[in-house]
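Okay, structure first, notes after.
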Amino acid sequence: MANLRINGRVWLEAQERFFGIGRMELLERIQQTGSINQAAKEMKMSYKRAWELVQSMNSQADAPLVSTQTGGERGGGAVVTEEGLKYLTYYRGLQDRFQQFLAQEVHHLPI
1 MANLRINGRV WLEAQERFFG IGRMELLERI QQTGSINQAA KEMKMSYKRA WELVQSMNSQ
61 ADAPLVSTQT GGERGGGAVV TEEGLKYLTY YRGLQDRFQQ FLAQEVHHLP I
């Protein structure tokens, strides 16, 4: 059992799953591209699924994490809001701390 390791994931929940590694990546890609559709394509995810995730986060948060603008002469778009940036920053730190915890716990395995 010398190759034994500890693995896991951490996410935030409200009424349902609110924020995790996949949603973090989605927000990061929306921030980079300015588009939910483009972010979804980069993640090989359907636009419908990406939109559902954005709606889920927005409906559970105190303020929207993503703001959208419908198409027009200049086209539509999406922006990660200040609230969204707060959650991105917090979750990145949480993920780092969680990985450190897992790395430390390996030393306590009964092997």
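So the sequence shown is residues 1 to 111, counted in full-length UniProt numbering. Positions of the beta carbon are idealized from the N, C-alpha and C atoms, including for glycine.
Contact under 7 angstroms by Cβ, residue i with residue j
i, j, result
"Phe98", "Val10", "yes"
"Ala40", "Tyr47", "yes"
"Leu12", "Leu109", "no"
Pairwise C-alpha distance: residue j and residue i
i, j, result
"Gly93", "Leu85", "13 angstroms"
"Thr68", "Ala50", "13 angstroms"
"His107", "Val79", "43 angstroms"
"Val66", "Ile111", "46 angstroms"
"Gln60", "Glu52", "12 angstroms"
"Lys44", "Ser35", "14 angstroms"
"Gln31", "Asn7", "29 angstroms"
"Gly77", "Thr33", "9 angstroms"
"Leu27", "Ala103", "27 angstroms"
"Thr81", "Gln55", "14 angstroms"
"Asn37", "Gly20", "20 angstroms"
"residue 121", "Glu105", "This structure does not reach residue 121, given that the chain is present from 1 up to 111, and the question cannot be answered."
Bridge partners - residue i, DSSP secondary structure assignment
i, result
"Gln32", "DSSP, once it has assigned bridges, lists no residue as partnering Gln32."
"Ala78", "Thr68"
"Leu12", "Phe19"
Closest residue to residue i among the options (Cα-Cα distance)
i, options, result
"Gln15", "Gly8, Lys44, Ser35 and Met57", "Met57"
"Ala63", "Glu83, Leu12 and Ala39", "Glu83"
"Phe18", "Ala103, Arg29, Leu88 and Gln104", "Leu88"
"Arg23", "Gln95, Asn3 and Gly76", "Gln95"
Delimiting residues of the alpha helix (DSSP H) encompassing residue i
i, result
"Arg92", "Glu82 to Glu105"
"Arg49", "Tyr47 to Gln60"
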